[in-house]
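Heads up: the sequence shown runs through residues -37 to -1, 1 to 420, numbered per mature numbering (1 follows the signal peptide of the UniProt record, and there is no 0). The beta carbon of each residue, even a glycine, is placed where N, CA and C say it ideally should be.
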Amino acid sequence: MMHNLPPAPGPHKRIRGFLRCLGLSAALLVVAGGPIAATASDEYLLGPQDQVRVKIYEWRASRDQIFQWTGLNDVFTISAGGSLSLPFAGEVRAAGLTPNGLAYAISDELMRNMGLGRRPDAAVEVVQHRPFYIVGHVMQPGEFPYRPELTVLQALSIAGGLRAREESIARFEREVIQGRGDVNLLGLEKINLLARRARLEAELKDAENIQFPGSLLSRQEDNAVALLMQQERSIFQARREGLQTQIRALRTLRDFLEKELASLDKQLVFHDRQIELIQKELGDVSSLVSKGLAAAPREMSLERDLAQNQSERLTAETSLLRARQEIGKTEISILELRNQYVNDVTTTLRQTQAELDALSRKAETAIQLLHESEISAPRLLALRAKAAKAKPVYTIVRIANGRAEEQPAIESSLVKPGDTLRVEIPMPDLEGFEDEGPGPAVTLSIDQTTSGEPNVQ
């Protein structure tokens, strides 16, 4: 794209008039007239991630016109290696140069690469500075866009200020209340498990009554403990009576079968006697029939009676065997019922013991947390309250000559692009906090119930 301007008395005046028409301020656009060393401490030096706007113009005296290099007039980002890649100019080193120095370097490369008789006029403007970083005791640490003349205090405000104190007395009080509640629940659960274990041991021994441990008997005046013991007694009696009822029913069935067995034994004796008499009479009648002294039908009638008695005896014998089989099944049922009962009790007892062991480990954790809330946390809160009075310490980490250098800073110190601002709160002297000792220990025992607080010994 070419911009034609009206003729002017001299070429240099024309260029200055053209720049004034474009509204380019000398504070933002520096026309490259020669290399300027960055000796002033307030001059901005370019670096990676800086975005610059490049504008190239050329005065052609033969045509009395100013040409704009539209292919190069754009926004470019300095690479991580510190160079700027431009058409025709190639890789131009930008890191460590001022915008004025970069403009001169670009025009010099264009003249050399394009074979121009004189350097084109180049202007470089920083449109976006590389970011700065803030870490440490701030609300929102991280990367933020740089702003010119940025101070440490302004950077701290961008990061949300100093980190708020999260700990509070109310929070610790809630933790103490919750911790005590957890310990009380563990104490009540321990009472439940001890009472259940005593009941299971009595069931396993087939005892008449439950022998509760002394730790429970000493607390039976407590309503909660007394209620749990009474509930276990009721469960023990119900299970014991249920087992005995089933066993009594099986024993009653067995007694009935044994009576039936005795009756069948008597029936067999009776049938044997009947068969014996019929066989004797049949023998006599058969002898008379063979001599012609008795009628044959009489002999046949006795044979039918003999066969019928033998059949009835066989039926009675079968019933006898069936009764003995039922008695055997009843005995097996009684044995299986007892074995199943013992197995169930043993399994439940093992689970109860495992729960008691797990409860002990859980109690240790709960005690430590309660100790932390009651003793350690208030001390830490006091320590942090003391630390809140300390002033923050600022340190600027700046890359210089390829090395990171740490520089102490104050609130009015200037932060440069690429700097890392570290904000620290010095911890107060711990003397007086460590010498107080670990404090009282909270112990979980059977004395802890829902009606009382955990013991502190």
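Point to revise | Sequence-distant residues of the same chain with beta carbon closer than 7 Å to GLN242, five excluded per side | key: LEU269.
Practice item. Quick one: give me the first and last residue of the alpha helix (DSSP H) that SER18 is part of. Key: The residue you asked about is not Ser; residue 18 is Lys in the sequence shown. Run containing LYS18: none in the alpha helix (DSSP H); it sits in the beta strand (DSSP E), 14 to 23.
Practice item. Find out if the Cβ-Cβ distance for the pair GLU318, LEU220 is shorter than 8 Å. Key: No; because the gap between Cβ atoms is not below 8 Å, this pair is not in contact.
Check your understanding: Which residues in the same chain have their Cβ closer than 8 Å to the Cβ of VAL101, if we skip the five residues on either side of it in sequence?
Key -> Result list for VAL101: LEU119, ALA122, GLY123, GLY124, LEU125, ARG126 and VAL386, in chain order.
Review point. Does the region 174 to 182 come close enough to the region 141 to 161 to have 3 or more Cβ pairs within less than 8 Å?
Key: By the criterion of at least three beta-carbon pairs nearer than 8 Å, the region 174 to 182 is in contact with the region 141 to 161.
Check your understanding: Across which residues does DSSP place LEU224 in a beta bridge pair?
Key -> The partner list for LEU224 (beta bridge, DSSP) is empty, contrary to what the question assumes.
Check your understanding: Are the CB atoms of ALA326 and LEU149 nearer to each other than 8 Å?
Key -> At a Cβ-Cβ threshold of 8 Å, ALA326 and LEU149 count as neighbours.
Practice item. Below 8 Å on the Cβ atoms is my guess for GLU369 versus VAL356; work out the distance and round it to an integer in Å. Key: With a beta-carbon spacing of about 11 Å, GLU369 and VAL356 fall beyond the 8 Å limit used to define contacts.
Review point. Are the region 234 to 249 and the region 298 to 309 touching by the rule of at least three beta carbon pairs closer than 8 Å?
Key: No, the region 234 to 249 is not in contact with the region 298 to 309.
Review point. What's the call for VAL90, buried or exposed, on a 16-neighbour Cβ count within 10 Å?
Key: Counting of Cβ neighbours within 10 angstroms places VAL90 among the exposed residues, the total staying below 16.
Practice item. Quick one: using the 10 Å Cβ neighbour count with 16 as the cut-off for buried, is PHE51 buried or exposed? Key: When all chains shown are included, PHE51 counts as exposed.
Review point. Any idea what DSSP makes of THR281, helix, strand or coil?
Key: Three-state DSSP puts THR281 in a helix.
Point to revise | Of the listed residues ASP145, ASN302 and PHE107, nearest to THR328 (C-alpha basis) | key: Considering only alpha carbons, the answer is ASP145.
Practice item. Please classify ILE165: does DSSP put it in a helix, a strand, or coil? Key: Ile is not the amino acid found at residue 165; the sequence shown has Ala there. Correct three-state label for ALA165: helix.
Practice item. Helix, strand or coil for PRO62, going by three-state DSSP, please let me know. Key: Helix, per DSSP.
Exercise for review: Taking all protein chains shown into account, decide if MET77 is buried (16 or more other Cβ within 10 angstroms of its Cβ) or exposed.
Suggested key: Counting the other CB atoms within 10 Å of its CB gives MET77 a total below 16, which places it among the exposed residues.
Check your understanding: Which of the three DSSP states, helix, strand or coil, is assigned to LEU291?
Key -> Looking at the sequence shown, residue 291 is not Leu but Gly. GLY291 sits in a helix when the DSSP states are folded into three classes.
Review point. How about the region 207 to 222 and the region 290 to 301: do they share at least three Cβ pairs that are nearer than 8 Å?
Key: Contact between the region 207 to 222 and the region 290 to 301 is present: 3 or more CB-CB pairs across the two stretches fall below 8 Å.
Exercise for review: Please work out which residues of its chain come closer than 6 Å, Cβ to Cβ, to SER282, disregarding the five sequence neighbours upstream and downstream, and give them in chain order.
Suggested key: Correct list, in chain order: LEU227.
Practice item. Could you tell me the distance, in whole angstroms, from the CA atom of residue 481 to the CA atom of LEU245? Key: Here the chain covers residues -37 to 420 and nothing more, so residue 481 does not appear.
Exercise for review: Compute the beta-carbon to beta-carbon distance between LEU167 and VAL305, rounded to the nearest angstrom, for a pair I have assumed lies under 8 Å.
Suggested key: The distance from the Cβ of LEU167 to that of VAL305 is about 7 Å, consistent with a contact at the 8 Å cut-off.
Review point. Closest by CA to VAL15, which one among GLY59, SER323, SER197 and PHE39?
Key: The shortest Cα separation from VAL15 among GLY59, SER323, SER197 and PHE39 belongs to PHE39.
Point to revise | GLU6 in three-state terms, based on DSSP | key: GLU6 falls in the coil class under three-state DSSP.
Check your understanding: Excluding sequence positions up to five away, which residues of its chain have a Cβ less than 6 Å from the Cβ of LEU116?
Key -> GLU374.
Check your understanding: Using a Cβ-Cβ cut-off of 7 Å (strictly less than) and excluding sequence neighbours within five positions of GLU106, which residues of its own chain qualify?
Key -> If we look at GLU106 and ignore the five residues flanking it on each side, its Cβ neighbours are PRO94 and TYR96.
Exercise for review: From the DSSP output, in three-state form, read off ALA(-6) for me.
Suggested key: Any reading at ALA(-6) is ruled out, since the residue's pLDDT is 38, under 50, leaving its predicted position unreliable.
Exercise for review: Reducing DSSP to helix, strand and coil, say where SER323 ends up.
Suggested key: Three-state DSSP puts SER323 in a helix.
Review point. Bridge partners of residue 432, per DSSP?
Key: No information on residue 432 is available, as it lies outside the stretch -37 to 420 that the chain covers here.
Review point. Thinking C-alpha only, which one of ILE140, GLN273, MET263 and ALA201 is nearest HIS234?
Key: The residue from ILE140, GLN273, MET263 and ALA201 with its alpha-carbon nearest to that of HIS234 is GLN273.
Check your understanding: In chain order, what residues of the same chain have a beta carbon less than 8 Å from the beta carbon of ILE198, not counting five sequence neighbours either side?
Key -> So the qualifying residues of the chain are ARG162.
Review point. Alpha carbon to alpha carbon, what distance is there between LEU179 and LEU157?
Key: Distance from the CA of LEU157 to the CA of LEU179, rounded to the nearest whole angstrom, comes to 8 Å.
Review point. Using DSSP with H/G/I as helix, E/B as strand and the rest coil, what is VAL55?
Key: Strand, per DSSP.
Review point. By DSSP, does ARG385 sit in helix, in strand, or in coil?
Key: Three-state DSSP puts ARG385 in a strand.
**Study point:** Bounding residues of the beta strand (DSSP E) (the contiguous stretch that carries ALA85)
**Key:** Its beta strand (DSSP E) spans residues 84 to 91.
Review point. Taking GLU7 as the reference, which of PRO380, ARG81, ILE388 and LEU384 has the closest Cα?
Key: First, the residue type needs correcting, since residue 7 is Tyr and not Glu in the sequence shown. Of PRO380, ARG81, ILE388 and LEU384, the residue nearest in Cα terms is PRO380.
**Study point:** Bridge partners - ASP37, DSSP secondary structure assignment
**Key:** For ASP37, the beta-bridge partners assigned by DSSP are VAL17.
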